[in-house]
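My numbering puts the first residue of the sequence shown at 977, with every later residue one more than the last.
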Amino acid sequence: MADLPVAVRRQPDGAFTLSLHVQPGAKRTAFAGLHGEALKVRLAAPPVEGKANACLQTFFAEALGLPKRAVTLLSGETSRQKVLRIEGADESALLRLLSEN
């Protein structure tokens, strides 16, 4: 199995944390490669009233087949630099999702 990118870390409890650089207001929500040591994600939502954060959580939850409550924003609520926690994700599903960029 391939190694996880540096932006993805497995936690002792089995959850994953992802370091992200987000670009709100894009045409569609998708991965856009790496931005330094973070995964770059374009979001089809404006950075207004939490819409971009909600779009980000929904994107990961739906792509990994998880309930939205399994995806938590740990930091970066009003920043482009965010840390996301994903509980219950399968490592191979996460790698597949990240390779689709």
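Glycine included, each C-beta is placed from N, C-alpha and C at the ideal position.
Computed from a predicted model, the values in this text were never measured in an experiment.
Since residue i contacts residue j with CB under 8 Å, what's their CB separation in whole angstroms?
i	j	result
residue 1040	residue 1065	5 Å
residue 1062	residue 991	6 Å
residue 981	residue 1001	Contact doesn't hold; Cβ gap of about 25 Å is too wide.
Here's a check: name, in chain order, each residue in its chain whose Cβ is nearer than 8 Å to the Cβ of residue i, leaving out the five neighbours to either side.
i	result
residue 983	994, 995, 996, 1010, 1013, 1014 and 1015
residue 1059	993, 994, 995, 996, 1049, 1050, 1051 and 1052
Please say whether residue j and residue i have beta carbons closer to each other than 7 Å?
i	j	result
residue 1020	residue 1034	no
residue 1078	residue 999	Outside the modelled stretch of the chain, which goes from 977 to 1077, sits residue 1078, for which no answer is possible.
Apart from the five residues on each side of it in sequence, which residues of its chain come closer than 7 Å, Cβ to Cβ, to residue i?
i	result
residue 1038	none
residue 927	Look at the range of the chain in this structure, 977 to 1077, and you will see that residue 927 is not part of it.
Whole angstroms are fine: how far does the CA of residue j sit from the CA of residue i?
i	j	result
residue 1082	residue 989	Since the first residue shown for the chain is 977 and the last is 1077, residue 1082 is missing from the structure and cannot be characterised.
Given residue i, which residues of its chain have a CB within under 6 Å of its CB, disregarding the five upstream and five downstream residues?
i	result
residue 1042	1064
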